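Going by our numbering, the letters in the sequence shown line up with residues 1441 to 1912, in that order.
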Amino acid sequence: MPRQTQLSRALVQEIQRGRLLPGSTLPGSRTLAAQLKVNRKVVVAAVDELVAQGWLEALPARGTRVALNLPTLAVADAEGRRSVETALAQRRATVVAMNDGVPDARIAPVDELARAQRRALRALARTGLGYGDTAGDPVLRDVLAGFVNHARGLSCSSEEVVLTRGSQGALSLFALAMLEPGDTVAVEHPGYAPAWRAFQLARADVVHVAVDADGLRTDELEAQARRLKGRLKAVYVTPHHQYPTTVAMSAERRMHLRRIAESFGLYIVEDDYDYEYHFEGAPLLPLAATKDLSSRCIYIASLSKLIAPAIRLGYIIADRSVVARLRAVRELLDRQGDVVLERAVAELIEDGELQRHARRARQLYRQRRDHLLQQLASRSPLRSAIECDPPGGGLALWMRLRGLTSEELAQRARARGLALTPGSAHAATGAVAAFRFGFAAHTSEELSRICDTLEACLRTSARTSKSTSCLP
Ligand SMILES: Cc1ncc(COP(=O)(O)O)c(C=O)c1O
């Protein structure tokens, strides 16, 4: 491979691995050439190539820096200008995942978290690095109880809080502690399949209950509860922004759900995964905020949407009798969580750092959502093929397709360097002519480029195909 290509590839790799950060300045071409023991012309050619591709920016009289907005999509028409190797490497490297609603880790308060973790580790080394509480760091449990009571209308004590590794850890822990083989859990359909699988892990059965524009069809739930005569143990819901459709459960449905839970003795597993992100008005309070219901509610939340999914920290808030069973199973699974991370997060909440981050993120994501909606409305190929009801919050849009399946669209998008998950991933069976478009982790420019790609995909002779739909 020519040296110039080797060097430009190596630089792209360093940028992708995060060792060269956006905005950081590169040494001058003479210094780089001397360090790498190559001719300066090779360095200049490689840098020019990366400037042309958008990985680097040349600043007049100030040298070259890593671009602030890194290229994310393979741009098909620029390929002619590149060597074949570079084009292929670029294409492999630049598949953009149209994720299903993750936050932008680039704006996460990582420096604050790193400093708090260092302080926590030092402080705990003196007293607290032995085996600890199976329910998690008592300091964070106390701080979290105050936080959810204040911000989400709950009225829990730290004794009702169990820290977990993300919501997924919470769902599996609930399943193993509270379900028995042969029990049934009702779940939303379409819905969050990782939750279904957690219930099945405990050898429970899952029944699917349809979702419409008001959320879970509680009339169907009631019919299932009657049919299953005592075997229905719990109902799993995402009432704030239903996953994947983003609809909020109406007040009327919430009331009906409460009545059903009481009369059939069901647990309500409330997955409140993105409570921070509400853009229009005040969000409805969680179901767990209803006092007479709190002993039936298993409230689950995590930091995955607030900071980043890799920060594995979630929590369950439940009645003390449930907490006792959760603790017993936790002891057998992994005994306890990461006390250093937990103590550091307690500090960030106490200092108001997480709340400040949530406010900044909410504002930014709202702008990104509005930008995406505006892009969808202003491009006629997108307007005619995609239908979307703007959600009041959350980090994703639910895009219903006309005239082609989401599998078909995913295939066309993949060929253009854009990965999207077909809606059928959220359904028990059958195709779903819709998909989730997570907008929060992309800048406005990135969103526009994704829309360019989508538009190009839709222009490709749209063959009309039949698809079943289970969508509101
Ligand atoms: C419905 C739902 N629940 C929970 C989560 C968060 O999961 P975790 O906390 O395990 O990262 C997600 C993330 O995408 C989700 O979509």
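By construction, the Cβ of each residue, glycine as well, lies at the ideal position given by its N, Cα and C atoms.
These figures come from a predicted structure and were not determined experimentally.
Would you say the beta carbon of residue i is closer than 7 Å to some non-hydrogen atom of ligand 1?
i, result
"residue 1713", "yes"
"residue 1632", "yes"
"residue 1541", "yes"
"residue 1717", "no"
"residue 1686", "no"
"residue 1678", "yes"
"residue 1755", "no"
"residue 1805", "no"
"residue 1606", "yes"
"residue 1467", "no"
"residue 1683", "yes"
"residue 1723", "no"
"residue 1612", "no"
"residue 1749", "yes"
"residue 1915", "Only positions 1441 to 1912 of the chain appear in this structure, which leaves residue 1915 out of reach."
Is the CB-CB distance between residue i and residue j below 8 Å?
i, j, result
"residue 1755", "residue 1574", "no"
"residue 1740", "residue 1709", "yes"
"residue 1463", "residue 1505", "yes"
"residue 1542", "residue 1871", "no"
"residue 1686", "residue 1822", "no"
"residue 1847", "residue 1824", "no"
"residue 1547", "residue 1495", "no"
"residue 1628", "residue 1647", "no"
"residue 1860", "residue 1850", "yes"
"residue 1845", "residue 1509", "no"
"residue 1596", "residue 1738", "no"
"residue 1483", "residue 1460", "no"
"residue 1711", "residue 1678", "yes"
"residue 1816", "residue 1879", "no"
"residue 1896", "residue 1854", "no"
"residue 1742", "residue 1607", "yes"
May I ask you to report which of helix, strand or coil DSSP gives residue i?
i, result
"residue 1636", "helix"
"residue 1805", "helix"
"residue 1821", "helix"
"residue 1496", "strand"
"residue 1704", "helix"
"residue 1911", "With a pLDDT of only 44 at residue 1911, under 50, the local geometry of the prediction cannot be trusted, and the value read off the model is given with reservation. In this structure, residue 1911 counts as coil in the three-state DSSP scheme."
"residue 1620", "coil"
"residue 1467", "coil"
"residue 1719", "coil"
"residue 1731", "helix"
"residue 1441", "coil"
"residue 1653", "coil"
"residue 1789", "helix"
"residue 1515", "Residue confidence is low: residue 1515 scores 40 on pLDDT, short of 50, so the model does not pin down where it sits. Its coordinate-derived value is still stated next. Three-state result, residue 1515: coil."
"residue 1862", "strand"
"residue 1629", "strand"
"residue 1901", "Note that residue 1901 has pLDDT 47, beneath the 50 cutoff, so the model's placement of it is unreliable and the number below is only indicative. Residue 1901 falls in the coil class under three-state DSSP."
"residue 1840", "strand"
"residue 1695", "helix"
"residue 1481", "helix"
Relative to the alpha-carbon of residue i, which residue among the options has its alpha-carbon at the smallest distance?
i, options, result
"residue 1717", "1658, 1804, 1761, 1685", "1804"
"residue 1763", "1600, 1773, 1621", "1600"
"residue 1779", "1809, 1563, 1655", "1563"
"residue 1453", "1737, 1849, 1490, 1684", "1490"
"residue 1511", "1731, 1536, 1678, 1616", "1536"
"residue 1776", "1485, 1689, 1578", "1578"
"residue 1772", "1617, 1551, 1497", "1617"
"residue 1640", "1630, 1626, 1559", "1626"
"residue 1887", "1839, 1538, 1612, 1681", "1538"
Looking at residue i and ligand 2, is the gap between the Cβ and the nearest heavy atom below 7 Å?
i, result
"residue 1839", "Ligands displayed in this structure: ligand 1; ligand 2 is not among them."
Is residue i close to chain D? Criterion is C-beta to C-beta, closer than 8 Å.
i, result
"residue 1758", "In the structure shown, chain D cannot be found, because there is only a single protein chain."
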